[in-house]
Ligand code: FES
Ligand code: FES
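In the UniProt record's numbering, the protein residues as written are 1 to 168.
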């Protein structure tokens with residue numbers, strides 16, 4: 001029996017210690033907002049926060065978590081940076097199919113927590129592990145700038161980003 005602190009609540013789970021956190025969140029606890037993409041730490045769809053850091057839950061054995069505080073997309077809106085990111089995401093209409101977006105929001109919220117005014121380069125570095133098959137990268141950058149500044153982002157910034165191409 002393991003006890004995990006998820007979204008501020010202690011949850012007791014009867015699982016093997018080497019089970020990845022993603023499986024426990026989705027299949028045992030029932031928090032299905034976090035998505036399975038690749039299962040090998042390559043796409044970012046499964047991103048959650050562990051003690052405020054963005055991590056890939058598909059490759060993180062639950063036995064390694066101890067008393068770490070896990071935050072999922074279901075609770076990120078209760079944090080100041082998560083609320084700013086979610087509001088900006090809606091204002092900019094970032095989402096296309098939506099599958100990658102949990103991971104994008106979680107990585108963006110972790111970025112803002114550690115760097116409240118990120119540059120384009122900071123955003124690219126922090127978000128480069130989150131793949132979007134719909135190609136929403138430009139709107140993601142715009143929304144992160146908007147969340148950081150609290151203001152609509154100037155068109156010039158978007159044009160500049162388009163010239164640079166999407167994050168890889
Ligand atoms: S599902 Fe975890 S990184 Fe792709
Ligand atoms: S919005 Fe469709 S994969 Fe990113």
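Note that beta-carbon positions come from the ideal geometry of N, C-alpha and C, so glycine has one too.
For residue j and residue i, the rounded distance between their alpha carbons
i: residue 65; j: residue 128; result: 25 Å
i: residue 153; j: residue 19; result: 42 Å
i: residue 150; j: residue 89; result: 12 Å
i: residue 24; j: residue 15; result: 8 Å
i: residue 49; j: residue 56; result: 9 Å
i: residue 136; j: residue 52; result: 25 Å
i: residue 125; j: residue 119; result: 10 Å
i: residue 138; j: residue 38; result: 23 Å
i: residue 134; j: residue 141; result: 14 Å
i: residue 34; j: residue 117; result: 26 Å
Residue i versus the options, residue with shortest Cα-Cα distance
i: residue 105; options: 85, 32 and 39; result: 85
i: residue 42; options: 132, 138 and 136; result: 132
i: residue 98; options: 118, 60 and 130; result: 130
i: residue 29; options: 140, 74 and 103; result: 74
i: residue 72; options: 63, 96, 103 and 61; result: 103
i: residue 79; options: 59, 33, 2 and 7; result: 7
i: residue 107; options: 13, 40, 3 and 54; result: 54
Any non-hydrogen atom of ligand 2 closer than 7 Å to residue i Cβ
i: residue 141; result: no
i: residue 98; result: yes
i: residue 136; result: yes
i: residue 101; result: yes
i: residue 92; result: no
i: residue 95; result: yes
Beta-carbon proximity list for residue i, same chain, < 8 Å, skipping 5 on both sides
i: residue 5; result: 11, 67, 68, 69 and 70
i: residue 122; result: 111 and 115
i: residue 1; result: 12, 13 and 14
Cβ-based neighbour list, residue i, same chain, cut-off 6 Å, excluding 5 preceding and 5 following
i: residue 83; result: 77
i: residue 81; result: 109, 112 and 113
i: residue 100; result: 45 and 132
i: residue 143; result: 88, 89, 92 and 94
i: residue 31; result: 25, 72 and 74
Inter-residue CB distance, residue i and residue j (contact presumed, cutoff 8 Å)
i: residue 36; j: residue 22; result: 6 Å
i: residue 9; j: residue 62; result: Going by Cβ atoms, the distance from residue 9 to residue 62 rounds to 15 Å, so no, they are not a contact pair.
Near ligand 1: residue i beta-carbon under 7 Å from a heavy atom
i: residue 56; result: yes
i: residue 132; result: no
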